[in-house]
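Whatever position you read off the sequence shown (first residue = 1), add 144 for the working numbering.
From the three backbone atoms N, C-alpha and C, an ideal C-beta is built for every residue, glycine too.
Notes for the one structure printed next.
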Amino acid sequence: MAHTLQILDIQNVTHDVKQFTLEKPDGYEFEPGQATEVAVDKEGWREKKRPFTFTSLTEDDNLEFVIKIYPEHDGVTEQIGNLKKGDKLIVDEPWGTIQYKGEGVFLAGGAGITPFIAIFRDLYKEDKIGNNRLIFSNKTEKDIILKDDFEHMLGDNFINAITDEDPEGDHHFLDGFVDKEFLKSQIDDFDQPFYVCGPGPFNESMMNYLKELGADPDALVFEE
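What follows is the structure in structure tokens.
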């Protein structure tokens with residue numbers, strides 16, 4: 145069943161990522177890490193659905209999505225990027241994506257961080273963040289989505305890898321691509337859960353490195 149929901153608030157998260165707060169239908173429930181199909185409630189766009197992950201928690205009063213806008217794609221996210229407070233989105237029922245299976249290492253590439261946002265928020269709220277770690281790969285520092293939130297929730301277990309610029313003397317930034325050597329240098333136990341989400345090529349390489357290192361990762365492709 146689809147719900148047509150009003151946008152209550154829009155915030156810029158980075159230069160090309162926005163956070164949308166929407167009304168929430170009565171009795172609408174989902175698990176951290178789940179997603180749904182979203183379409184723009186405008187002529188010509190209602191049938192064009194795209195999957196987005198909830199970044200709010202099921203007990204929150206509103207629904208929240210963090211969405212990367214791709215103006216050059218001339219598509220749904222460009223339309224979403226042009227929406228204003230009071231406009232409407234069509235939101236379907238939730239469906240499963242990545243599920244939390246216990247303390248481990250999360251590897252995210254760019255906008256692939258979104259399924260992990262609610263998982264970490266939920267763990268943090270329940271005081272169960274434990275020794276979970278996040279390795280987050282981005283092109284530049286300004287691309288890091290919700291950097292302050294992750295630093296607050298994870299502290300030193302939040303590791304940023306920056307691929308297209310030299311990071312400025314901050315121990316949270318490790319210069320370069322996440323490759324097999326990088327993973328070996330950061331992780332000493334490959335027998336724990338691994339969660340991978342990013343664009344197809346990122347996932348493929350992470351899965352291969354992790355399997356070579358003896359891990360059994362769970363992955364979700366974040367479609368750009």
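For residue j and residue i, believed in contact at Cβ under 8 Å, the rounded distance
| i | j | result |
| --- | --- | --- |
| residue 196 | residue 179 | 6 Å |
| residue 218 | residue 181 | Between residue 181 and residue 218 the Cβ distance is about 20 Å, and since that is not below 8 Å, they are no contact. |
| residue 167 | residue 149 | 5 Å |
| residue 232 | residue 185 | 4 Å |
| residue 192 | residue 220 | 5 Å |
| residue 249 | residue 338 | 5 Å |
| residue 324 | residue 348 | Not confirmed; about 13 Å, so no contact. |
| residue 202 | residue 222 | Not really, about 29 Å apart at Cβ, beyond 8 Å. |
Outcome for residue i when other beta-carbon atoms lying within 10 angstroms are tallied against a minimum of 16
| i | result |
| --- | --- |
| residue 352 | exposed |
| residue 265 | buried |
| residue 275 | exposed |
| residue 358 | exposed |
| residue 206 | exposed |
| residue 165 | buried |
| residue 282 | buried |
Contact check, residue i vs residue j, beta carbons under 8 Å
| i | j | result |
| --- | --- | --- |
| residue 327 | residue 303 | no |
| residue 160 | residue 229 | no |
| residue 208 | residue 243 | no |
| residue 262 | residue 200 | yes |
| residue 363 | residue 234 | no |
Per DSSP, the bridge partner or partners of residue i
| i | result |
| --- | --- |
| residue 147 | 235 |
Check: Does the segment 152-168 come close enough to the segment 239-249 that 3 or more CB-CB pairs lie under 8 Å?
Finding: no
Item checked: Validate contact between the segment 249-268 and the segment 334-348 using beta carbons, cut 8 Å, 3 pairs -> yes
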